[in-house]
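FYI, the numbering used here numbers position 160 of the sequence shown as 178, with every residue one higher than the one before it. Glycine included, every Cβ here is placed at the ideal spot set by N, Cα and C. Here the structure is a predicted model, which means the values were calculated and not measured.
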Amino acid sequence: MADTIRRTALALMVAVGAVACTGPASPPTTTSATAPSTSAVPLDVARYLASPCSGVPGDLTTQLGLPQREDAHDTVLVGAGDQSECRLSSAPPLSAAAEVRFYPKARPLPLVTGPGSQVKATTAAGYPAGEWVLSKGNDGSFTSCQIIVDVAPTQGVATLYNGPAGEPTRTSCAKAKQLVEGVLASLRR
19 MADTIRRTAL ALMVAVGAVA CTGPASPPTT TSATAPSTSA VPLDVARYLA
69 SPCSGVPGDL TTQLGLPQRE DAHDTVLVGA GDQSECRLSS APPLSAAAEV
119 RFYPKARPLP LVTGPGSQVK ATTAAGYPAG EWVLSKGNDG SFTSCQIIVD
169 VAPTQGVATL YNGPAGEPTR TSCAKAKQLV EGVLASLRR
C-alpha cells in the first residue's frame with residue numbers, strides 16, 4: 019500500500035514537472051497598448067527627473083492658460099520607481115490645473131491597465147497611450163482626464179488636465195492630449 023502511494027505521488031510529481039517545463043503551444047499575444055510601437059522612436063525622460071518643468075514647453079502651457087509652474091517629486095504611481103511632475107495652474111482665480119509626470123524607470127501604462135480598468139487604449143504622437151477620465155465634473159468639481167504614454171521600453175510620460183466644472187470631458191481630454199503631444203514633440207528635439 020505504501021509503495022502504491024509513493025508511486026502515485028511520484029507519478030503525479032513527474033506529470034506536474036513535465037507540464038511546468040513545457041512551453042506554451044504558441045507565443046503569447048501582446049497588444050500595442052502595453053509596448054511602445056515599432057514606428058515610434060524611444061524617448062529618454064530621465065533628464066527631467068530633477069527639474070520636471072524644464073521638460074514642459076512654456077509657450078504650450080501659456081496657450082492652455084496654465085502659466086503657473088511648480089516642480090514636484092511625489093510618488094503618485096506606486097511601482098513606477100522614481101518619478102517627478104510639473105504642476106501647472108491658471109492664475110487666480112483657479113479655473114484649470116494640470117500636471118505632467120515623468121517616469122524614467124517604468125512604463126506607466128501597464129501599471130494602470132488590466133481587468134476592470136477604466137483606461138481606454140489610444141495613441142499619442144505615435145506612442146501607445148491610455149485615456150483615463152477621472153471625473154466628469156457632474157458634482158460641481160473639476161472635469162479630469164489623464165493621458166498615460168509609454169515612450170520607451172522602461173519609460174513613460176503622463177498628463178492630467180483638470181478643467182472647470184461644466185467643461186465637457188472630451189474638451190479636458192483633448193487638452194490633456196495636446197499637453198502630452200507638446201511634451202513629446204519637445205522630447206524629440
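Buried or exposed by the 16-neighbour rule on C-beta atoms within 10 Å, applied to residue i
{"i": "Cys191", "result": "buried"}
{"i": "Gly158", "result": "exposed"}
{"i": "Arg168", "result": "Going by the sequence as given, residue 168 is Asp instead of Arg. Result: buried."}
{"i": "Pro70", "result": "buried"}
{"i": "Thr161", "result": "buried"}
{"i": "Ser102", "result": "buried"}
{"i": "Gly134", "result": "exposed"}
{"i": "Gln81", "result": "exposed"}
Range covered by the beta strand (DSSP E) that runs through residue i
{"i": "Gln173", "result": "Gln173 to Gly181"}
{"i": "Gln164", "result": "Thr161 to Ala170"}
{"i": "Gly148", "result": "Tyr145 to Lys154"}
{"i": "Ala64", "result": "Where Ala64 is concerned, there is no enclosing beta strand (DSSP E), given that its DSSP letter is neither H nor E."}
{"i": "Val137", "result": "First-last for Val137: undefined, no H or E at that position."}
{"i": "Cys104", "result": "Ser102 to Ser107"}
{"i": "Ala115", "result": "Ala115 to Tyr121"}
Element boundaries [alpha helix (DSSP H), containing residue i]
{"i": "Gln86", "result": "Where Gln86 is concerned, there is no enclosing alpha helix (DSSP H), although the beta strand (DSSP E) it sits in stretches over Gln86 to Ala90."}
{"i": "Ala203", "result": "Thr187 to Arg206"}
{"i": "Leu95", "result": "It is not in any alpha helix (DSSP H) - Leu95 carries neither H nor E in the DSSP assignment."}
{"i": "Leu129", "result": "Leu127 to Val130"}
{"i": "Gly76", "result": "Gly76 to Gln81"}
Own chain residues within Cβ distance below 6 Å of residue i, not counting five before or after
{"i": "Ala58", "result": "Gly144 and Tyr145"}
Whole-number beta carbon distance between residue j and residue i, since they are thought to touch under 8 Å
{"i": "Lys195", "j": "Ala142", "result": "6 Å"}
{"i": "Pro182", "j": "Ala116", "result": "Between Ala116 and Pro182 the Cβ distance is about 12 Å, and since that is not below 8 Å, they are no contact."}
Beta-carbon contacts of residue i that lie in its chain and below 7 Å, excluding the five residues immediately before and after
{"i": "Thr172", "result": "Lys123, Ala124 and Arg125"}
Quiz item: Does the region 152-161 touch the region 91-103, meaning 3 or more C-beta pairs lie closer than 8 Å?
Solution: No, the region 91-103 is not in contact with the region 152-161.
Self-check item: At least 3 beta-carbon pairs within less than 8 Å: the region 163-176 vs the region 108-120
Solution: They touch, by the three-pair rule.
Quiz item: Do the region 68-86 and the region 105-115 meet, that is, are 3 or more Cβ pairs less than 8 Å apart?
Solution: By the Cβ criterion, the region 68-86 is in contact with the region 105-115, since at least three pairs of Cβ atoms, one from each stretch, lie closer than 8 Å.
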